[in-house]
Amino acid sequence: MKELMRIEGLKVYFGGLKAIDGLDLTINQEETLGIIGPNGAGKTTLFNAICGVYKPTDGKITLKGQEVQGLPAHEMARKGIARTFQISKPLADLSILDNVIAAAGVHEYTGMRSYFRKSHTPEVVAKAEAVLEETGLRELRDKKASDVSLGYLRRLEIARVLVTDPELIMLDEPCAGLSNFAINEVTELVMKLKAQKKSIVLIEHNLPITMKVCDRIMVLSYGKKIAEGTPEVVKNDKQVIEAYLGEEDEE
Amino acid sequence: MGAYVYSIGATAAIFILLALSLNIITGYAGQAMMGHAAFFGLGAYTAAILTQTYGVNFFVALLLSMLVTGACGALLGLISLRLQADFLAITTIGINFVMVALFNNLSITGGSLGLTIVKPTLFGVKMGNRQFFWLTLILIVVLCLLIVKMRRSWFGMALASINNDAGAARSFGIDVSRYQILTFIIGTAIAGLAGGIYSHRMGYICSSDFAFVISIQILSMVVIGGIGTIRGPILGALLLTFLPEVLRFADDYRSLVYGALLVLMVRFMPSGLIGDNSPLVIGCKKLTGKLFAKKGGQKA
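These protein sequence lines are chains A and B, in that order. Letter by letter, the first sequence follows residues 0 to 250 in numbering that gives the first Met the number 0. Letter by letter, the second sequence follows residues 0 to 299 in numbering that gives the first Met the number 0.
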């Protein structure tokens, strides 16, 4: 598989706290990479560092050979890194359709020049509607985002990601807080994206889903990589079992 | 129309401009601005000094006052990037007090005596309330058209996104800082324009014309009418300009009334009288929906 992103010696420190401590990772094109680890392992911090929310303390991130570490979040989005959030961030006052259209303008937000370009052109609306169809939200297009359930909001976030035609899709716990039915729906959607050969990075606490969906899994613990490999390899890794279940008491 | 109607109409028109300009900052971009009168005053004094001291043409002075207030708005925009909403509100209140103190103490602004301004001429005719009314009305129409265009553009979409969730907005390519600064520039520049018109229409200005209570008055207009809409601030400005004329006997309690109205509106009707989610607008939408449904049913 062709390399899409390379992370070398990434460090994200908050004062004395080493949230990410010297991480090396490669993300390949058309691959679904899972990132797992116990609470506080640094998974979302890694996401935020890749997406430009946090500036790395040290290290290098290259996207298709181009150095991108330290770029602000909006620039990372324009470079094709699209993400969802652990706690959904809908544009609550806008309709579902407008939420997707807002994301469709990823290359249009250029300060005062954006004043002269209309947002709801037939092409943009058609593109947004196609994504709503794909994510199963077409029926809700005119509903306000504040009026739909969490399951739909998770799908809305995926719809907002897809409409940007991203190079890399980053999903931060898309199944968190959902009912079993909604989890199945979101999982099916992620499987569909995988079948379309999209490049995906997935953080998910639900291990059976991660094992099912991902081609490769990286395990983080206290900001360091403790294991990496296929789901089968990771599942049987001693260090991973220890990180999740704790060490066996010698007494 | 009579002279009195033109007089009060010109005042209302200036406040509509102010309310619409504040609505761009607070209503569309969601920035807490509680010192709008500072920029109104800055525009008023800038235009007055330019025409009276330097003999600049009135309309050129209006443009220059927009530039000056817009530049100061950009500075405030830069400050706003480092402040959360509540601290920004407090900062803008502080700016209002500082500006009033400056107007009151600088010799160029006439100190506590204020400034007397000779009314400008338009096509050889000295401008009175009538001319100021029509001039401001034209500017309101132009501004409303520009706001409508803004709301249909990617610029408007960026502001709506930032207003809802800045973090989400960043995640799809919106440079939140740049848009925040731009809205401060636009909103304060229009306040400066309103100030320039105000000073030349009144013929005399002093620091108390731009006190904190005026900022609250402008904010009340936006909130009472319906924040985030065009019609809301217009209705709010009309109501709060004409009501004091009717309730002159309660003039001493004006600040109290504005404060009470603001608190009551925020508590019981946060969308304002005719905001998008106000009971009145929702009721009207339902009623028109039913009427159309009925008509459709009859056709069928």
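Backbone N, C-alpha and C define an ideal beta-carbon position, used for all residues, glycine too.
| Item | Value |
| --- | --- |
| Closer than 7 Å to chain A by CB, B/Phe154 | yes |
| Integer Cβ distance of B/Ile196 from B/Phe131, believed to fall under 8 Å | 6 Å |
| Simplified DSSP assignment, three categories, for B/Thr90 | helix |
| Where B/Asn163 meets chain C, residues with beta-carbon distance less than 8 Å | Among the protein chains of the structure shown, namely A and B, there is no chain C. |
| N-terminal and C-terminal residue of the beta strand (DSSP E) that A/Lys59 is part of | 57-62 |
| Residues, ordered as in the chain, of the segment 177-209 of chain B that lie near chain A by beta-carbon distance below 8 Å | Arg177, Tyr178, Leu181 |
| Proximity of B/Ile273 and B/Val265 at Cβ, strictly below 7 Å | no |
| Under 7 Å (Cβ pairs) to chain A, residues found in the segment 221-235 of chain B | none |
| Test: A/Val142 CB closer than 7 Å to a CB of chain B | For the record, residue 142 of chain A in the displayed sequence is Lys; it is not Val. Cβ-Cβ to chain B under 7 Å: no for A/Lys142. |
| Buried or exposed (CB count within 10 angstroms, at least 16 for buried), A/Gln195 | exposed |
| Sequence-distant residues of its chain with Cβ nearer than 8 Å to B/Tyr305 (five each side left out) | Absent from the structure is residue 305 of chain B, since the part of chain B shown begins at 0 and ends at 299. |
| Validate contact between the segment 184-204 of chain B and the segment 12-23 of chain B using beta carbons, cut 8 Å, 3 pairs | yes |
| According to DSSP, residues forming a beta bridge with A/Asn27 | A/Glu2 |
| Proximity winner among A/Arg140, A/Leu139, A/Asp23, A/Glu227, relative to A/Met4 (alpha-carbon distances) | A/Asp23 |
| Within-7 Å CB hit, A/His204 to chain B | no |
| Within 7 Å, strictly: CB atoms of A/Ala242 and A/Pro37 | yes |
| Near-chain B residues of the segment 162-192 of chain A - C-beta to any C-beta below 8 Å | Thr163 |
| Proximity test, Cβ basis, 7 Å: B/Ile281 and chain A | no |
| Nearest candidate by alpha-carbon position, reference A/Lys63, set A/Ser87, A/Leu188, A/Lys78 | A/Lys78 |
| Beta-carbon proximity list for A/Phe46, same chain, < 7 Å, skipping 5 on both sides | Arg82, Met169, Asp171, Ile202 |
| Delimiting residues of the alpha helix (DSSP H) encompassing A/Gly150 | 149-161 |
| Rounded separation between B/Gly8 and B/Asn103 - CA only | 28 Å |
| Interface partners of A/Glu133 on chain B, CB under 9 Å | The contacting residues do not exist; A/Glu133 stays about 17 Å from chain B at best. |
| Start and end residues, beta strand (DSSP E) containing A/Ser265 | A question about residue 265 of chain A goes unanswered here, because the residues of chain A that appear run from 0 up to 250. |
| is_contact[B/Arg81, chain A] using C-beta, thresh 7 Å | no |
| CB contact below 7 Å: B/Ile173 versus chain A | yes |
| B/Ala292, buried or exposed, once every other Cβ within 10 Å from all chains shown has been counted against 16 | exposed |
| Buried versus exposed call for B/Val59 [16 or more other C-beta atoms within 10 Å across all chains shown] | exposed |
| Spatial distance of B/Ala18 from B/Phe241 (CA atoms) | 15 Å |
| Bridge partners - A/Ala81, DSSP secondary structure assignment | A/Ile168 |
| A/Thr31 and A/Cys213 closer than 7 Å at C-beta | yes |
| Of the listed residues B/Met220, B/Ile213, B/Met126, B/Ile23, nearest to B/Leu238 (C-alpha basis) | B/Met220 |
| Separation of B/Lys148 from A/Asp164, as counted between CA atoms | 27 Å |
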